[in-house]
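Trainee: Pasting a structure here, questions to come.
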Amino acid sequence: MEQEKNAQQIILELKTQNQYLRAALQEHSETLDHLHKDLEKAEQIRPLAIAAATVVHDVRNSLGVISSTAQYVLNKPDGLREKDVESWKLVLRNVDNVRALLQNYLGLARHAEGKKEPCSLNDLAQRVTQFLESVAQKKNIALLEELDEE
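Per my numbering, residue 234 is the first one in the sequence shown, and the count goes up by one each step.
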């Protein structure tokens, strides 16, 4: 009688642990789904981010030429009229403003590009299962892994 009671208690504990593991696996599965969707979005944005970085680079090169020309004109020994000096200083301030704007934009483009590597969702699911399996083994619970073929 006591053995039957112990067996029922063990079965109840196993069922509880099984529910816990199923919930944890479901949560990890949902996380994987969200990560997969985020990765797909990032892949769609990547060409735009690369193009933006290229455009920013080219514009920065042009700004360098404009800035160098303005500095050269301002440093000419024969001098400029006060109105011309103010105009060239305005050019330099605007070049600096545009550089700062592009730097921020380039930072966004680089961030959007990110480092991506192909990965197998099955491998990722197996790693999650391995993590859960150590918890399950401590509770004498076996996990069943069913993955689609890649």
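Ideal Cβ placement from N, Cα and C applies to all residues, glycine included.
1) Do you know offhand how far glutamine 359's Cα is from glutamate 273's?
2) Looking at C-alpha atoms only, which residue of Val331, Gln252, Pro310, Leu313 is the closest neighbour of lysine 372?
3) Under 8 angstroms by Cβ, that's how I've got arginine 332 and leucine 296 pegged, so tell me the actual separation to the nearest angstrom.
4) My output table needs one value for aspartate 381: the three-state DSSP class, helix, strand or coil.
5) For lysine 371, which of helix, strand or coil comes out of DSSP?
Mentor: So, from the listed chains and residues:
1) If you number the sequence shown from 1, residue 359 lands on position 126. If you number the sequence shown from 1, residue 273 lands on position 40. Near 21 angstroms, if we compare the C-alpha coordinates of glutamate 273 and glutamine 359.
2) If you number the sequence shown from 1, residue 372 lands on position 139. Closest by alpha carbon: Gln252.
3) Mapped onto the sequence shown, residue 332 falls at position 99. Mapped onto the sequence shown, residue 296 falls at position 63. With 8 angstroms as the limit, arginine 332 and leucine 296 qualify as a contact, their Cβ atoms being about 6 angstroms apart.
4) In the sequence shown, residue 381 corresponds to position 148, counting from 1. In this structure, DSSP gives aspartate 381 a state outside helix and strand, which the three-state scheme calls coil.
5) As a first step, residue 371 must be located in the sequence shown, where it is residue number 138. Three-state result, lysine 371: helix.
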